[in-house]
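So the mapping is simple: my numbering equals the position in the sequence shown, first residue as 1, plus 1.
Notes follow the structure.
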Amino acid sequence: MDKVVSTAAEAVADIGDGASLAVGGFGLCGIPSVLIAELKQSGVSGLRCVSNNCGVDDWGLGQLLGGGQIARMQSSYVGENKEFARQYLSGELEVELTPQGTLAEKLRAGGSGIAAFYTRTGVGTQIADGGLPWRYDANGEVALASPPKETRTFEVTEVGPDGDAVSAEHEFVLEEAISTDFALVRAWKGDRHGNLVFRTTSRNFNPLCAMAGRVTIAEVEELVEPGELDPDEIHLPGIYVTRVVELTDEQAADKRVEKRTVTPTETKEA
Numbered sequence: 002m003d004k005v006v007s008t009a010a011e012a013v014a015d016i017g018d019g020a021s022l023a024v025g026g027f028g029l030c031g032i033p034s035v036l037i038a039e040l041k042q043s044g045v046s047g048l049r050c051v052s053n054n055c056g057v058d059d060w061g062l063g064q065l066l067g068g069g070q071i072a073r074m075q076s077s078y079v080g081e082n083k084e085f086a087r088q089y090l091s092g093e094l095e096v097e098l099t100p101q102g103t104l105a106e107k108l109r110a111g112g113s114g115i116a117a118f119y120t121r122t123g124v125g126t127q128i129a130d131g132g133l134p135w136r137y138d139a140n141g142e143v144a145l146a147s148p149p150k151e152t153r154t155f156e157v158t159e160v161g162p163d164g165d166a167v168s169a170e171h172e173f174v175l176e177e178a179i180s181t182d183f184a185l186v187r188a189w190k191g192d193r194h195g196n197l198v199f200r201t202t203s204r205n206f207n208p209l210c211a212m213a214g215r216v217t218i219a220e221v222e223e224l225v226e227p228g229e230l231d232p233d234e235i236h237l238p239g240i241y242v243t244r245v246v247e248l249t250d251e252q253a254a255d256k257r258v259e260k261r262t263v264t265p266t267e268t269k270e271a
């Protein structure tokens, strides 16, 4: 039951070329930065990553992207990474943009044994109709586009403006679940059995990505012994976690902010 490994390098040693990864975090909040750095050092290539975004140019998944180690990204937001845009538009990177809520549910479904689900999100757009550019060629032409997805009409009962139940037919699009070879996540606390606790907003996509990975590796800022975590405070049970890496104090403190903004100080006249 002891899932702790001694180093991050040992934890990611079996992630090979072409592997699929679900990577937790939102922006730079809660990303498994130490595990990502070890993947960069390993030189593994052709990775197919699923993550809300791809970090920034010099941190997070942006490090792997800058080294040409990512072949495909499935994300909901990519606006903070210039190298991402360059690779996508030049045909070096395949990209599947997915609505954020849909991406979260696809990961959750993958970890729950649900093959697919219907949602109204994306109906009437290229998400459902197909034609969303996944990959460009060197000339800027679309080399690969998304296929159309199955749609179906359901009768849905909603609450009307007067508080009355109103039934209406709506179109839904079928979205398939996501499961990956590996998942990389970061937690605030974890025990040797893999039970994890996430701190405030760093919870974000981490539990969902952990559920979706067939092999899930968690880096934890504080490692505790089994039984020290109150069952009610555990956000992700250890059944989803394969390996645990304890971070050093320095690694745990190395957290970055995408854009630091401050409120201007008002200058009072003397």
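For every residue, glycine included, the Cβ atom is placed at its ideal position computed from N, Cα and C.
Since this is a predicted model, take the numbers as computed values, not measurements.
Beyond the five residues adjoining it in sequence on each side, Ala178 comes within less than 7 Å, by CB distance, of Lys107, Ala110, Gly111, Ile115, Ala116, Ala117 in the same chain, given in chain order. For the set Gly28, Gln88, Phe155, Phe173, the Cα lying nearest the Cα of Ala139 is the one of Gln88. A straight-line Cα-Cα distance of about 40 Å links Leu62 and Val157.
Assignment of Glu220 by DSSP, reduced to helix, strand and coil, places it in the strand class.
Non-local beta-carbon contacts of Gly19 in its own chain, meaning distances under 6 Å to residues more than five positions away in sequence, involve Gly47 in chain order. DSSP, reduced to helix, strand and coil, places Asp250 within a helical segment of the structure shown.
The C-alpha of Gly25 lies about 22 Å from the C-alpha of Trp135. Taking 8 Å as the cut-off, the Cβ atoms of Gly92 and Tyr137 count as close. Taken in chain order, the complete beta strand (DSSP E) segments of 3 or more residues contained in the segment 16-45 are 21-24.
Cys210: member of the alpha helix (DSSP H) spanning 207-213, first to last residue. Secondary structure of Leu230 (DSSP, three-state): coil. Between Phe206 and Asn82 a beta carbon distance of about 17 Å is seen, past the 8 Å cut, so the two are scored as non-contacting. Where Ala117 is concerned, the enclosing beta strand (DSSP E) starts and stops at 117-120. Looking from the CA of Ala188, the closest CA among Ala219, Asp231, Leu104, Thr99 belongs to Ala219. In the structure shown, Phe183 adopts extended strand secondary structure according to DSSP, grouped into three states.
Put simply, the segment 245-260 touches the segment 28-38. At least three CB pairs are less than 8 Å apart.
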